[in-house]
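Peer 1:
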Amino acid sequence: MRYDAEELKKLALREGFTAAGELNLKAVVFMPEVRDMCRADKCSAYGRNWRCPPACGSIEEATERAKKYSFGMLVQTVGKMEDDFDFETIEETSKKHAASFISMMRILKGKYDDILAMGAGTCARCKQCTYPDAPCRFPEDSYSSMEAYGLWVSRVCELSSLPYNYGKQTIAFTSCYLLK
Ligand code: SF4
Numbered sequence: 001m002r003y004d005a006e007e008l009k010k011l012a013l014r015e016g017f018t019a020a021g022e023l024n025l026k027a028v029v030f031m032p033e034v035r036d037m038c039r040a041d042k043c044s045a046y047g048r049n050w051r052c053p054p055a056c057g058s059i060e061e062a063t064e065r066a067k068k069y070s071f072g073m074l075v076q077t078v079g080k081m082e083d084d085f086d087f088e089t090i091e092e093t094s095k096k097h098a099a100s101f102i103s104m105m106r107i108l109k110g111k112y113d114d115i116l117a118m119g120a121g122t123c124a125r126c127k128q129c130t131y132p133d134a135p136c137r138f139p140e141d142s143y144s145s146m147e148a149y150g151l152w153v154s155r156v157c158e159l160s161s162l163p164y165n166y167g168k169q170t171i172a173f174t175s176c177y178l179l180k
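With the UniProt record's numbering applied, the sequence shown corresponds to residues 1 to 180, in that order.
#1: Any chance the CB of Leu138 is under 8 Å from a heavy atom of the ligand SF4?
#2: How far does the alpha helix (DSSP H) with Thr93 in it reach, from first residue to last?
#3: Using the DSSP secondary-structure output, state which residues sit across from Ala124 in a beta bridge.
#4: Within 10 Å of its beta-carbon, does Gln128 have 16 or more other beta-carbons around it, so buried, or fewer, so exposed?
#5: From this set, Lys109, Gln169, Tyr143 and Leu162, which residue's C-alpha is nearest Gly57's C-alpha?
#6: If you run the structure through DSSP and keep just helix, strand and coil, what is Lys42?
#7: Can you give me the C-alpha to C-alpha distance between Ile59 and Leu159, rounded to a whole angstrom?
#8: Determine the DSSP secondary structure at Met146, reduced to helix, strand or coil.
#9: Which partner residues of Ala5 appear in the DSSP bridge assignment?
#10: With distances taken from CA atoms, which of Thr18, Arg137, Gly119 and Cys43 is nearest Cys126?
#11: Hey, would you say Ala5 sits closer than 9 Å to Met104, going by beta carbons?
#12: Scan the segment 146-180 and note each continuous beta strand (DSSP E) run of 3 residues or more that stays entirely inside, going in chain order.
#13: Would you call the segment 81-93 and the segment 110-117 in contact, with 3 or more CB pairs under 8 Å?
#14: For Leu178 and Ser161, I'd like the C-alpha separation in whole angstroms.
Structural data, given as structure tokens:
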């Protein structure tokens, strides 16, 4: 199937993202080293969420799954901070990004047969994830992060000609969608 990157970019901007661009599929390399960073559990989500490692599947499974997609889009939300400790803007930008991400994911799922949506940060759809005691409450509406799959996000941006860092006192969240 052929996709129109410009049309998808317009859709992304309409959904509230700051920037979007075609993802270079050669950059979709799932790395054990990135998984190791998850294992360090700095975000306190490792082993506590269905959409984080180890529950989200192995690097090998991600690699196998990604093979069936022929096109990708990167989407970003950038926030301007008042100073280096402007956690309010970081939080607001993160929430804005997640809302745009879920909205576009739903649109793409309605339009195309099969997509792989990879977000920024752990799935925070529920106040408390059901992992590991009960199945995920919203399997169709939850998603893993690019990092959880093992993608080195700054490298993916660089190879896709989109900035990863928008300069001093900015915060940028990056996610992507793979389409068949
Ligand atoms: S939707 Fe809820 S149960 Fe499912 S992974 Fe996200 S937080 Fe966990």
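We put the CB at the ideal spot given by N, CA and C, even for glycine.
Being a predicted model, the structure only gives us computed values, none of them experimental.
Peer 2: Working from what's here:
#1: This sequence places Phe at residue 138; Leu is not what is there. Correct: Phe138 has its Cβ closer than 8 Å to the ligand SF4.
#2: It spans Phe87 to Lys111 - the alpha helix (DSSP H) in which Thr93 sits, taken as one unbroken run.
#3: In DSSP, Ala124 forms no bridge with anything.
#4: exposed
#5: Tyr143
#6: coil
#7: Cα to Cα, the separation comes out at about 20 Å.
#8: helix
#9: Partner(s): none; Ala5 has no beta bridge.
#10: For the residues Thr18, Arg137, Gly119 and Cys43, the minimum Cα distance to Cys126 belongs to Arg137.
#11: no
#12: 170-179
#13: No, the segment 81-93 does not touch the segment 110-117.
#14: 17 Å
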